[in-house]
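Peer 1:
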Ligand code: TYD
Ligand code: MG
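Numbering (our numbering), first residue to last: 5 to 457.
1) Give the list of continuous alpha helix (DSSP H) stretches no shorter than 4 residues that lie fully inside the region 132-183.
2) Taking the continuous alpha helix (DSSP H) assigned at residue 209, which residues delimit it?
3) Just curious, the beta strand (DSSP E) that residue 373 is in, first and last residue?
4) For the region 95-104 against the region 300-319, are there 3 or more C-beta pairs whose distance is under 8 angstroms?
5) Is it buried or exposed, residue 205, if we count other Cβ atoms within 10 angstroms and call 16 or more buried?
6) Going by C-alpha distance, which of 150, 213, 377 and 208 is nearest residue 287?
7) Between which residues of its own chain and residue 193 is the CB-CB distance below 6 angstroms, once the five residues before and five after are set aside?
8) Tell me the rounded alpha-carbon separation between residue 392 and residue 322.
9) For the ligand MG, any of its heavy atoms closer than 7 angstroms to the Cβ of residue 317?
10) Kindly indicate which residue of 211, 407 and 414 has the alpha-carbon position closest to the one of residue 530.
11) Would a C-beta distance cut-off of 8 angstroms place residue 229 and residue 244 closer than the cut-off?
12) When burial is assigned at 16 or more other CB atoms within 10 Å of the CB, is residue 254 buried or exposed?
13) Which ranges would you report for the alpha helix (DSSP H) in the region 313-368 if only whole runs of at least 4 residues count?
14) Give the straight-line distance between the Cα atoms of residue 332 and residue 298, rounded to the nearest whole angstrom.
15) Roughly how many angstroms separate the alpha carbons of residue 214 and residue 427, rounded to a whole number?
16) Mind checking whether residue 71 and residue 92 have CB atoms under 8 angstroms apart?
17) Among 344, 281, 198 and 413, which has the Cα closest to the Cα of residue 328?
18) Taking buried to mean at least 16 other C-beta atoms within 10 Å of its own C-beta, is residue 371 buried or exposed?
19) Can you have a look at residue 382 and say buried or exposed, based on whether 16 or more other CB atoms are within 10 angstroms of its CB?
20) Quick one: is the Cβ of residue 194 within less than 7 angstroms of any heavy atom of the ligand TYD?
21) Name the two residues that bound the continuous alpha helix (DSSP H) containing residue 450.
22) Contact check, residue 314 vs residue 409 under 8 angstroms by CB: the rounded distance?
23) Would residue 209 and residue 191 be called neighbours here (beta carbons separated by less than 8 angstroms)?
24) Hey, would you say residue 311 sits closer than 8 angstroms to residue 356, going by beta carbons?
25) Please indicate yes or no: does the CB of residue 103 lie closer than 7 angstroms to some heavy atom of the ligand FAD?
26) What residue from 317, 347, 368 and 434 has the CA that sits closest to residue 337's CA?
27) Should residue 124 go down as buried or exposed, given a rule of 16 or more other Cβ atoms within 10 Å for buried?
28) Express the C-alpha separation of residue 110 and residue 263 in angstroms, rounding to a whole number.
29) How about residue 79 and residue 266: are their beta carbons less than 8 angstroms apart?
30) Only counting the same chain, and skipping five residues up and downstream in sequence, which positions put a Cβ closer than 7 angstroms to that of residue 284?
31) For residue 29, count neighbouring Cβ atoms within 10 angstroms of its own Cβ and tell me buried if that reaches 16, exposed if not.
32) Would you say the beta carbon of residue 230 is closer than 7 angstroms to some non-hydrogen atom of the ligand MG?
33) State the start and end residues of the unbroken alpha helix (DSSP H) segment that holds residue 108.
34) Would you say the beta carbon of residue 138 comes nearer than 7 angstroms to a heavy atom of the ligand MG?
35) May I ask which residues mark the beginning and end of the beta strand (DSSP E) holding residue 267?
36) For the alpha helix (DSSP H) that contains residue 80, what are its first and last residues?
What follows is the structure, given as structure tokens:
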């Protein structure tokens, strides 16, 4: 290793200087200078060329049984079947959403336990190192107590807690202990002395993550990094980390609701767009294996304003309930309130209902809500939103067994959506039939057909 020092490098043009500046003197962009470690390693050419090896395809080993189960089935599915040795996983989400809770559960599950009920054929991690950068070890122990009283006994010697925010010290401990799994909570609290910036700065976060990533690969130990994001999702951290880590999991959900979605947005070792569904309970996060039933649990049938839809979250079809309420108003600017769907999308669909289906909604306040507290990005829910609004406005309910699926265009046409077969199958399981593009070519035809009293 050579001497290290730090430079401030522009993320846009690559210009570097020794001090920070708000504006890059070279390209003129603002807030692009990020503190970066510069290593001046003495290069020995002849040695370097022998370091890396060329492999034939036949020599490369792919061993799926090497995957380490986290003990949380929903999480394992999202990861593509479990953790791969040397895999770095960023778990990103808003504060308080449940990141520490989930990873504490993983730490307990993967530590060897006396009578492993699910243990057959499951690779055990051995020791788990939980790096407490945010909370004290006793706070983590307190959480464990809340999760399960028994677990604290069985994991007594296998769950190692280390209170530190010094990444170099942590890496030293990882090399010394050689744990089977490392959890760093959180990456925003980590610092390396090689940089002058404070914890949580882009430079620190990125440098600490890449240092941890190097050890992870060298020792083949999987590492979870916890990363906080704000509502806007753009705080220093998770965004700049995406290319440093192998897998990025986003924790989503409304904190006031029990449902949590864990979504893989990047995955070098498995499918992306896979989602895991959890419920936050008194005793931690519980995997929900039949989310559709869960989302429809409190549904009241045959009420105007309620329509079921089947959305695709990743490859997984989910039945959800869309609720709408319309109230006439004398305000020149009627309110449009969207919870769980895109606001601009709601405005567009209301415009389509007015212009293409002839509904007199311009004097109505309109509220649309996805029950269960999840956020939908799938366009396949458009038709259900339109039908829910029309149903509320006309005070007519849909047949109780209809699930509406379809994207709605500006011409008022209903379009086919991806994965219709899978959606129909999931709907059938719960006793619903899907109304989609085939049943009505336009929104107004669908309204006429489905909203009869
Ligand atoms: P936490 O995992 O600490 O969030 P994060 O690490 O993402 O900031 O979760 C904190 C919230 O979860 C807190 O509001 C309490 C709640 N909670 C439960 O409802 N049940 C539980 O068993 C636990 C441990 C936490
Ligand atoms: Mg936490």
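Just so it is clear, CB atoms sit at the ideal spot from N, CA and C, and this is done for glycine as well.
Peer 2: By the coordinates alone:
1) 141-151, 153-158 and 171-181
2) 206-223
3) Run containing residue 373: 368-374, per the beta strand (DSSP E) assignment.
4) Here the region 95-104 makes no contact with the region 300-319; the two share fewer than three CB pairs at distances below 8 angstroms.
5) Its Cβ being crowded by 16 or more others within 10 Å, residue 205 is buried.
6) 150
7) 137, 138, 169 and 203
8) 18 angstroms
9) no
10) Because the chain in this structure spans residues 5 to 457, residue 530 falls outside the shown range and cannot be described.
11) no
12) buried
13) 347-359
14) 33 angstroms
15) Distance between the alpha carbons of residue 214 and residue 427 is about 41 angstroms.
16) Cβ atoms of residue 71 and residue 92: not closer than 8 angstroms.
17) Nearest option by C-alpha distance: 344.
18) The residue is buried, with at least 16 neighbouring Cβ atoms inside 10 Å.
19) buried
20) No, the beta carbon of residue 194 sits no closer than 7 angstroms to any heavy atom of the ligand TYD.
21) 447-454
22) 5 angstroms
23) yes
24) The Cβ atoms of residue 311 and residue 356 lie no closer than 8 angstroms to each other.
25) With respect to the ligand FAD, the structure offers nothing, as its ligand set consists of the ligand TYD and the ligand MG.
26) Looking at the Cα atoms, 368 is the closest of the given residues.
27) Any reading at residue 124 needs caution, since the residue's pLDDT is 43, under 50, leaving its predicted position unreliable; the model's value is listed next. That one is exposed.
28) 19 angstroms
29) Yes, the pair counts as a contact, with Cβ atoms nearer than the cut-off.
30) 102, 262 and 264
31) exposed
32) Correct: residue 230 has its Cβ closer than 7 angstroms to the ligand MG.
33) 103-114
34) yes
35) 263-271
36) 77-83
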